[in-house]
Amino acid sequence: MRAVLLGGGLALLISLLGTRVAISQFTRLGYGQEIRDDGPTSHHTKRGTPTMGGVVIIAATVIGYFAAKLITMSEPSASALLLLFLFVGMGLVGFLDDFIKISKQRSLGLRSKAKMVGQTVIALIFGFLALSPWLEDDRGRTPASDHISFIRDFTAFALPTVVVMALIWLIVTATSNAVNLTDGLDGLATGASVMVFGAYTLVNIWQNNQSCEISPGATCYEVRDPLDLAVIAAAITGACFGFLWWNASPAQIFMGDTGSLALGSALAGFAILTRTELLLVVLGGVFVVETLSVMLQVGWFRISGGKRIFRMAPIHHHFEMLGWEQVTVVIRFWIVTGLCVAAGLGIFYAEWVAGI
């Protein structure tokens with residue numbers, strides 16, 4: 001538990017101070033955000049705001065985690081290293097996207113196909129290693145499971161490896177893109193991420209306390225390295241808190257695709273490694289709704305020959321177009337996220353209680 005507190009606290013401090021430094025340096029270098037011409041007109045005032053702040057979130061998380069492990073004299077686990085690989089790797093894909101936007105002075109970075117290739121490569125490497133027998137522990141558990149999971153593995157049979165790999169790819173790419181779509185208003189994605197990663201900190205601590213090694217029984221959890229995953233969850237939560245100080249309206253810096261793709265992939269990684277893939281749909285309900293709004297808008301536009309369901313997608317822009325202030329949209333979306341997280345944690349705990 002000391003490592004969890006240290007990881008979260010150190011990441012918070014590094015992010016809080018590091019983001020201020022990043023704002024100064026990125027402004028000096030001219031790393032400003034380009035704004036879509038077809039977006040809400042109120043966003044045009046944000047043109048030139050420093051972007052790529054996700055670099056600070058990633059650095060604060062990694063430094064916070066390894067510093068906590070060093071101070072507590074404990075070794076990093078295979079699950080934690082895998083999650084950090086996914087987190088940093090997807091952040092690099094986002095960094096390339098942001099850098100192209102800045103260097104080319106356009107609102108679009110990597111081509112969609114190139115971006116998807118990068119996401120696919122990282123996701124498949126993560127999935128392959130997470131299922132690899134090379135990373136089995138002394139109980140024969142791999143970091144990821146070959147079953148479909150909600151609170152825990154509930155299918156009676158193992159899925160073929162190719163199917164599991166496809167599911168891992170889908171979860172990672174879908175969740176990383178979902179957070180990317182949500183990152184459209186000052187503090188929206190950052191604040192929502194704080195709550196969901198905070199939830200995963202609690203889930204991992206609970207899974208550790210009720211693991212089959214500590215508390216054998218019908219309701220114990222067969223999860224690899226839950227306490228070490230809790231350290232990373234706490235570190236990301238702390239890093240997002242520190243970043244939110246500067247990202248709240250009016251934002252002095254944006255996380256960019258560097259941050260949104262990294263955070264989204266980390267959420268997917270936690271869902272996969274904690275055997276809670278379907279629970280993520282509840283915990284990250286806001287991210288799901290944002291993605292569905294885009295899918296519905298695009299689908300209906302094509303089917304109907306140009307008609308729209310929303311005034312603009314993702315859905316947070318729809319409320320802006322209705323006349324809501326940005327701060328109002330963000331706070332209300334935070335409230336909805338809080339309700340989703342409360343519902344998800346309630347379901348998680350209720351399943352354990354009902355199993356006794």
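The sequence shown begins at 1 in my numbering and counts up one residue at a time.
No residue lacks a Cβ here, since even glycine has one placed at the ideal position from N, Cα and C.
As the structure is a prediction and not an experimental result, all values here were calculated from the model.
Residue burial classification, residue i (beta-carbon count within 10 angstroms, cutoff 16)
{"i": "ASP138", "result": "exposed"}
{"i": "ALA234", "result": "buried"}
{"i": "GLU136", "result": "exposed"}
{"i": "ARG111", "result": "exposed"}
{"i": "GLU366", "result": "Because residue 366 is not part of the residues shown, which for the chain are 1 to 356, the question remains open."}
{"i": "GLN25", "result": "exposed"}
{"i": "THR328", "result": "exposed"}
{"i": "LYS104", "result": "exposed"}
{"i": "ARG224", "result": "buried"}
{"i": "THR182", "result": "buried"}
{"i": "PRO143", "result": "buried"}
{"i": "SER304", "result": "exposed"}
{"i": "GLU320", "result": "buried"}
{"i": "LYS101", "result": "buried"}
{"i": "PRO133", "result": "exposed"}
{"i": "PHE371", "result": "The structure shown does not extend to residue 371, since the chain is modelled only from 1 through 356, so no value can be given for it."}
{"i": "PHE95", "result": "buried"}
{"i": "SER215", "result": "exposed"}
{"i": "MET295", "result": "exposed"}
{"i": "LYS69", "result": "buried"}
{"i": "PHE128", "result": "exposed"}
{"i": "ALA218", "result": "exposed"}
{"i": "VAL163", "result": "exposed"}
{"i": "ALA354", "result": "exposed"}
{"i": "GLY54", "result": "buried"}
{"i": "LYS307", "result": "exposed"}
{"i": "MET1", "result": "exposed"}
{"i": "LYS115", "result": "buried"}
{"i": "MET255", "result": "buried"}
{"i": "PHE157", "result": "exposed"}
{"i": "GLY259", "result": "buried"}
{"i": "LEU86", "result": "buried"}
Collapsed DSSP secondary structure at residue i in the structure displayed
{"i": "TYR221", "result": "strand"}
{"i": "PRO50", "result": "strand"}
{"i": "SER15", "result": "helix"}
{"i": "SER74", "result": "coil"}
{"i": "SER176", "result": "helix"}
{"i": "SER24", "result": "helix"}
{"i": "SER211", "result": "strand"}
{"i": "ALA248", "result": "coil"}
{"i": "PRO226", "result": "helix"}
{"i": "GLY374", "result": "Only positions 1 to 356 of the chain appear in this structure, which leaves residue 374 out of reach."}
{"i": "GLY355", "result": "coil"}
Cβ-based neighbour list, residue i, same chain, cut-off 8 Å, excluding 5 preceding and 5 following
{"i": "VAL88", "result": "ILE58, VAL62, ALA262"}
{"i": "ILE148", "result": "PHE154, THR155, LEU159, LEU167, GLU277, LEU278"}
{"i": "ALA251", "result": "LYS46, THR49, ASP186, GLY187"}
{"i": "GLY18", "result": "VAL56, ALA59, ALA60, GLY242"}
{"i": "THR161", "result": "LEU131, ASP146"}
{"i": "ALA178", "result": "GLY264, GLY284, PHE287, VAL288, GLU290, THR291"}
{"i": "ARG20", "result": "TRP246"}
{"i": "GLY30", "result": "ILE102"}
Beta-carbon contacts of residue i that lie in its chain and below 6 Å, excluding the five residues immediately before and after
{"i": "THR27", "result": "PRO50"}
{"i": "HIS318", "result": "PHE310, ARG311, MET312"}
{"i": "VAL330", "result": "LEU185, GLY187, LEU188"}
{"i": "VAL336", "result": "VAL286"}
{"i": "ILE122", "result": "GLY89, MET90"}
{"i": "GLU351", "result": "ILE151"}
{"i": "PHE270", "result": "TYR200"}
Own chain partners of residue i with C-beta closer than 7 Å, once the 5 adjacent residues on each side are dropped
{"i": "CYS240", "result": "ILE57, THR190, SER193, VAL194, PHE197"}
{"i": "SER145", "result": "ASP153, ARG275"}
{"i": "ILE71", "result": "LEU6"}
{"i": "THR268", "result": "The sequence shown places Ala at residue 268, rather than the Thr named in the question. These residues qualify, in order along the chain: ILE171, VAL172, THR175, SER176."}
{"i": "GLU222", "result": "ARG141, CYS212"}
{"i": "LEU16", "result": "GLY242, TRP245"}
Is there contact here, the segment 183 to 194 with the segment 237 to 249, by at least three beta-carbon pairs under 8 Å? yes
Runs of alpha helix (DSSP H) lying entirely within the segment 85 to 166, each at least 4 residues, in chain order: 112 to 131
Decide yes or no for the touch test of the segment 298 to 307 against the segment 200 to 208: beta carbon pairs closer than 8 Å, at least 3 of them. no
With contact counted as at least three CB pairs below 8 Å, one residue from each stretch, are the segment 338 to 350 and the segment 269 to 287 in contact? yes
Flag this pair as touching only if the segment 64 to 75 and the segment 223 to 239 have three or more C-beta atom pairs under 8 Å; answer yes or no. yes
Contained alpha helix (DSSP H) runs [length at least 4] in the segment 179 to 209, N- to C-terminal order: 188 to 209
Completely contained alpha helix (DSSP H) runs for the segment 252 to 336, where each covers 4 or more residues: 256 to 273, 279 to 283, 285 to 304, 315 to 321
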